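There are 2 protein chains.
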Amino acid sequence: MKSHDTAVRVMLDAARDQGAETVWDRHAKQDPRCGFGETGLCCRHCSQGPCRINPFGEDPQKGVCGADADTMVARGLVRAIAAGCASHSGHAKHLAHALHKWAKGHSDHYPVKDEAKLKAVAGRMGISGEGMETRQLAGQLADLALKQFAEGEAPLAWAFNHLTAGRREALERLGAVPTGIENTIAEMLHRTHMGVDADPVNLLIGGIACAVADYAGSHMATDLSDILFGTPQPVASRANLGVMDAGKVNIALHGHNPVLSDLLVRAALEMEGEAGEAGAAGINLMGVCCTGNEILMRHGVPSLTHSISQELPIFTGALDAMVVDYQCVYPSLVAAASCAHTRVITTMGMAKISGAVHIEFTEENARESAQKIIREAIGAFKSRKGRAVSIPEISSEVTAGFSVEAIVGALSKLDPADPLKPLIDNIVGGNIQGVVLVAGCNNVKVPQDENFLGLAKELLARDVLVLATGCGAGAYARHGFLTPGAAEKYAGPGLKAVLSAVGEANGLGGPLPPVLHIGSCVDNSRAVDIAVAVANRLGVDTDKLPVAASAPEYKTEKAVSIGTYAVAFGLPVHLGVVPPVLGSQTVAGLLTAGVKELLGGWFIVEPDPLKAAEAIFGALQERRRGLGLASRPW
Amino acid sequence: MKSHDTAVRVMLDAARDQGAETVWDRHAKQDPRCGFGETGLCCRHCSQGPCRINPFGEDPQKGVCGADADTMVARGLVRAIAAGCASHSGHAKHLAHALHKWAKGHSDHYPVKDEAKLKAVAGRMGISGEGMETRQLAGQLADLALKQFAEGEAPLAWAFNHLTAGRREALERLGAVPTGIENTIAEMLHRTHMGVDADPVNLLIGGIACAVADYAGSHMATDLSDILFGTPQPVASRANLGVMDAGKVNIALHGHNPVLSDLLVRAALEMEGEAGEAGAAGINLMGVCCTGNEILMRHGVPSLTHSISQELPIFTGALDAMVVDYQCVYPSLVAAASCAHTRVITTMGMAKISGAVHIEFTEENARESAQKIIREAIGAFKSRKGRAVSIPEISSEVTAGFSVEAIVGALSKLDPADPLKPLIDNIVGGNIQGVVLVAGCNNVKVPQDENFLGLAKELLARDVLVLATGCGAGAYARHGFLTPGAAEKYAGPGLKAVLSAVGEANGLGGPLPPVLHIGSCVDNSRAVDIAVAVANRLGVDTDKLPVAASAPEYKTEKAVSIGTYAVAFGLPVHLGVVPPVLGSQTVAGLLTAGVKELLGGWFIVEPDPLKAAEAIFGALQERRRGLGLASRPW
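Sequence order for the protein chains is A and B. Numbering follows the numbering used here, in which position 251 of the first sequence is assigned residue number 255; successive positions increment by one, without gaps. Numbering follows the numbering used here, in which position 168 of the second sequence is assigned residue number 172; successive positions increment by one, without gaps.
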């Protein structure tokens, strides 16, 4: 079984028939994997290597420099965290530049769309904004945002201002306090250079600090995206390959950053006429991965597919352009499109793919480039004439757009004076046993969506509310979990009652979806915000809440970083794919147990979704008991 | 043959007799190396891997994401450059903080020692300093230095202000212009995250920008070290294990940063009395690796040993403390000291080793910590009583301390009005055929010093002046190349005449050494300064000069970064160890040929020192012909 997604399975047959290679083929060719790499026992950090350590206790037991398994595994792990942090914060900085350029008059394309959010974020960051015009306030916030990347003297405000007081203290006690994003990243690279930090505990503490910096970048990305493009509100759309339309110019927007995709949404509206002249019934934008989440949440743009199935839309013959920004974009897209008319269009100077069409997109030339990109797709549409097209007619209804503001807004219909009260009351009363954020990627090592689906079914049935982001949210979107009907089908009685009550109060004509799509990967920050708000209301720290996180099919270094900040904030964090740490009992033990003493959170590594659900549910129950709340057996 | 250093060979026998493991043993146990890692065809940047590519053109040909050999090799290489840059710039920033803290009154321990250098550096960086007190000027320069780490709007000044106009243009044309150090590092991590930059050429251009940022950090480290601790002037000392003294408290200072070691030199002077009370004849400080170079250059502290032989002093039984800061410090030191009385003392919060004594050293507590460290060593000396001691009586004379200022000072004795003229005249006239900077580490894969010695002998005999830094300078120090006698022994007639003339003019009673020790690894910036000065005098760019660089036994990611900036500045750069790029003909071809078209420099990869010397000499002759100067056959 390669995927639980029927549309994907249909397209895998099509790919096979077309003689095309997919990620599953390349995965099969990579087996058997190198056991040293899989366990983290391989090091290439200097040219005396590559070194490896024999996990069976025989020679070699140490790298050439003397690094043992603990050092090697810890070094590899924290370098991954640094790369994840660099990715999220690069994304955030891109947004900060866009806002900054508008505020300073260097670009017209990125005006503030959500003034209320601008004021709210500025306020949280200590800028009063009293009497300021929007542009001035935006300029001050953008300046402050850009300063977060450099070393400062105080704890990194974009992280620390969004945590409980107890959490700030816990991180300070541990010595895991970043003072800037990019200096922390650079320090982790320095520390993992040959002959620098060789103490696994010290390295992991550094890694935790870097993950906290990652959270700052993620939170900033969420905040600035909302300010620039609007804070998401519930929106209906569809997801899966059936959202393609053979008669239209089909353009997939793939990657992560709305700086590109939100502009393309605007440009596409203006260019319907051009598409019509080319014989198309219009322009059909669709999203892939987190770029897809961004434009789904804000514009209702349908989601095409996610993560490991990103190559497959090409094999329908109907995809005119795959437009990408950065992160999680398989370079294989070019090969996949080599026998099709599909244009793979890269747009960022720092993220090119050999063989792709490159149309450079900057904040200054955004409109012009967006038009050029769409024109390229229209050109491809014209060249599609006469070619076979086969789109699987499979897609699911989706309700997305659950920002914190949207959730609070929905709850306020139950209690306008104290919107969090209904949520807290239901947690306390047991209708909601806990909240689990399910995030992260698909990973070709896992039958696509298997862990997402298995986990959610088990948790929902036990009255656990699920929040979802990233490709996890995508999986739930494609499988119909983001619908009122899913509440009926999957939610336990307590949860269903709550979802129905909120739905009714909001005039939805049915319950809320049992899985709330809260956004892209950077939007995991939204889940932390909810946890922090609830913790502050209850007067406890976040490590006391019946809240957990899971990345059941994780793949990227970004996910390692996200998981680490979630642990740092006191959450039990499930991983459904084993990270490369098994080579060190010390590191594995610290991550799965030792860190709990220090920060309250810990990693649960469990590939089986049923067992994972049981472990997560157990952790929630432990937390409930800690708060003196009634607990339930599995 | 493990080493060409007799003292090392003696100690290897001692280590064997003591049943101790050394880096050579661990090296042997690591063979055979993983061919995928050696060729750069292994990727662990996401958890769908580890992926590998079959270099023999059979499956697997692509990683799971579709990254091919070119992408994989380029990604690995630029991540290494980023790590090297992070290390040098972390070192630089540490110095900037020390200066800043003194300037702002937060620490008394780091006053400006060299006001002339402060003014010179400030001037080059655009600060006039007119009418400013030292502290104020130091504060302004430190502020400017710290700002270099963050993204700016202009090309990174600490790099660009030290290059020719032509070089700045060449880098701008290529798009390899960093605007800050740490943002460039972070960007390279982002770009090498799964699904971001997959174009090997684009990645390499990014890597070049990052290497230019590395140069900025290196230059800053040199400048600030000179300001804080004095600009080196020629100084006599000794090098090799024979510099230990059984009757004294033997303390080795190892790592890279004079922030620690320079303070220890001061503290040791004050604590001779305490050592005497413990029955010692005094305190004997010695240097290892680049920390050794820093205190050799400025204080004449003898060099104990370098790089791969760093464990061996412990087996003499006479080493009381190995005090380390960071970089190139083998964690194996702790195991090596486990049966000895030697204390391995780590000092930096970000660079610990499990099992070592940790005495935290900060700019604020510098004096107190330095005393504590020396007291720990004195304690170890006491516990040494009755233990067997065997120090090989092998050491060489050394003249080091050839900063740019020192070289110009020596040349000015020949031509006070125009000190560069004698150098240029001799290059033009052919007494000096060219200048080669020999830098970098030892690597256990090469019999220690073999390539350094072989290369220098061949080049010197052909009238090529050699500048040396880092462990390369250490190799020449231990083998007697940093002496007037070596000029007699190794230099060709033209070179000897020049060295003798300079020596005579300076009243040295003999020639200058034919290999000029210009400092530590960050001091490769001194060599660039000389090249830039000569280029500007000749009115050509640095890529036209008969100047080359070599890292014949390179080991670290820092060396990869240094080599890349040397190529970026137009130099032919020899590597005697094959970097992990052979898996991509595209990348290997770009580095060894393609880049020459763009920047003038290129990599020469040649493990055999004789062939390497021939290739380097050939490159110098090509440059001579380009300038219309007489050339010679090999």
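By construction, the Cβ of each residue, glycine as well, lies at the ideal position given by its N, Cα and C atoms. Values in this document were obtained by computation on a predicted structure and should not be read as measured data.
Item, Value
"Exposure of residue 5 of chain A, with buried meaning 16 or more beta-carbon neighbours within 10 Å", "exposed"
"Per DSSP, cross-strand counterpart(s) of residue 576 of chain A", "A:606"
"Whether residue 578 of chain B touches residue 620 of chain B by CB criterion (8 Å)", "yes"
"Proximity test, Cβ basis, 8 Å: residue 193 of chain A and chain B", "yes"
"Boundaries of the alpha helix (DSSP H) in which residue 192 of chain B is found, first to last residue", "185–195"
"C-alpha gap between residue 583 of chain B and residue 442 of chain B, whole angstroms", "17 Å"
"Where residue 430 of chain B falls: helix, strand or coil (DSSP)", "helix"
"Rounded distance between the beta-carbons of residue 554 of chain B and residue 203 of chain A, thought under 8 Å", "Between residue 554 of chain B and residue 203 of chain A the Cβ distance is about 35 Å, and since that is not below 8 Å, they are no contact."
"Close beta carbons around residue 250 of chain A, own chain, < 8 Å, minus the five adjacent residues each side", "322, 393 and 395"
"Residues in the segment 18–41 of chain B having any Cβ partner in chain A nearer than 7 Å", "27, 30, 31, 33, 34, 37, 38 and 41"
"Residue-level contact to chain A via CB, residue 152 of chain B, 8 Å cutoff", "no"
"Assigned secondary structure, residue 31 of chain A (DSSP; H/G/I helix, E/B strand, else coil)", "helix"
"Within 8 Å, strictly: CB atoms of residue 507 of chain B and residue 516 of chain B", "yes"
"Supposed contact pair residue 44 of chain B and residue 585 of chain B - C-beta distance, whole angstroms, cut 8 Å", "5 Å"
"Top-ranked residue by Cα proximity to residue 164 of chain A, from A:430, A:184 and A:150", "A:184"
"Option nearest residue 618 of chain B by Cα separation, candidates B:20, B:151, B:468 and B:161", "B:468"
"Contacting residues, own chain, Cβ-Cβ under 6 Å from residue 510 of chain B (five flanking each side not counted)", "414 and 417"
"Beta-carbon gap between residue 299 of chain B and residue 121 of chain B smaller than 8 Å", "no"
"Span separating the alpha-carbon of residue 12 of chain B from that of residue 18 of chain B", "10 Å"
"Contact set between the segment 327–340 of chain A and chain B, restricted to residues whose Cβ is under 9 Å from the partner", "328, 330, 331, 332, 333, 334, 335, 336, 337, 338, 339 and 340"
"Inter-residue CB distance, residue 139 of chain A and residue 107 of chain A (contact presumed, cutoff 8 Å)", "5 Å"
"Reduced DSSP category for residue 395 of chain B - H, G, I as helix; E, B as strand; rest coil", "coil"
"Validate contact between the segment 184–195 of chain A and the segment 350–366 of chain B using beta carbons, cut 8 Å, 3 pairs", "yes"
"Stretch pair the segment 253–261 of chain A + the segment 94–104 of chain A: three plus CB contacts closer than 8 Å", "yes"
"Neighbour-count burial assignment, residue 632 of chain A, 16 or more Cβ in a 10 Å radius", "exposed"
"Residues bridged to residue 56 of chain B (per DSSP)", "B:46"
"Per-residue contacts from residue 56 of chain B into chain A (C-beta, under 9 Å)", "34, 37, 38 and 41"
"Partners in chain B for residue 64 of chain A, counting only beta-carbon separations shorter than 8 Å", "30, 33 and 34"
"For residue 71 of chain B and residue 47 of chain B, believed in contact at Cβ under 8 Å, the rounded distance", "6 Å"
"Residue 104 of chain B, buried or exposed, once every other Cβ within 10 Å from all chains shown has been counted against 16", "buried"
"Chain-ordered neighbours of residue 625 of chain A on chain B, where CB pairs are closer than 9 Å", "Near residue 625 of chain A there are no residues of chain B at all, since even the closest Cβ is about 29 Å away, more than 9 Å."
"For residue 536 of chain B and residue 213 of chain B, the rounded distance between their alpha carbons", "19 Å"
"Nearest-angstrom Cα separation, counted from residue 544 of chain B out to residue 374 of chain B", "48 Å"
"First and last residue of the uninterrupted alpha helix (DSSP H) at residue 226 of chain A", "204–233"
"9 Å Cβ cut-off: residues of chain B touching residue 407 of chain A", "Within 9 Å Cβ-Cβ: nothing; residue 407 of chain A doesn't reach chain B, min ~25 Å."
"Minimum C-alpha distance to residue 593 of chain A - residue among A:77, A:15, A:10 and A:244", "A:77"
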